Amino acid sequence: MKDKQNRWPEVGDLLIHTDGAVFNSGEKCQGLIIEVVGDVFESRVFVKWADDNAPYDYGDKYGYSAVNIHNDFGAFDLVKA
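The numbering of the sequence shown is the working numbering, which starts it at 95 and goes up by one.
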């Protein structure tokens, strides 16, 4: 089982998003976490995507919720810096 303590996103971590929940394509998008803002309950994570290939559900204005990255093992893989 993955280490849940190590799943909290931080600046410099590599984020891999796998599309599967909605379109079931299995496409992977990779990016570097460049900013985390907010407190622990409402943290927003902003990512610089490789080749500017952002996932369909990522918005530049709001990024992703850190809680979603932490909890959703199916959609997010996190490689710690």
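We put the CB at the ideal spot given by N, CA and C, even for glycine. Keep in mind it's a predicted model, so treat the numbers as computed, not measured.
Would you kindly work out how many angstroms separate the C-alpha atoms of residue i and residue j, rounded to a whole number?
i: E104; j: I127; result: 7 Å
i: K174; j: D151; result: 22 Å
i: D171; j: S137; result: 18 Å
i: N100; j: L108; result: 13 Å
i: K122; j: T112; result: 4 Å
i: E129; j: A144; result: 16 Å
i: D146; j: Y158; result: 16 Å
i: I163; j: F135; result: 13 Å
i: P149; j: N165; result: 18 Å
i: I110; j: G120; result: 12 Å
Based on the DSSP secondary-structure assignment, which residues constitute the bridge partners of residue i?
i: V179; result: The shown model of the chain, from 95 to 175, leaves out residue 179, and the question about it has no answer.
On a Cα-Cα basis, can you pick out the residue from the options that is closest to residue i?
i: Y156; options: A169, N165, G132, N147; result: G132
i: G106; options: P149, V139, D166; result: V139
With distances taken between CB atoms, is the gap from residue i to residue j smaller than 8 Å?
i: A169; j: W102; result: no
i: V141; j: G125; result: yes
Unbroken stretches of the beta strand (DSSP E), 3 residues or longer, contained in the region 116–171: 122–131, 138–143
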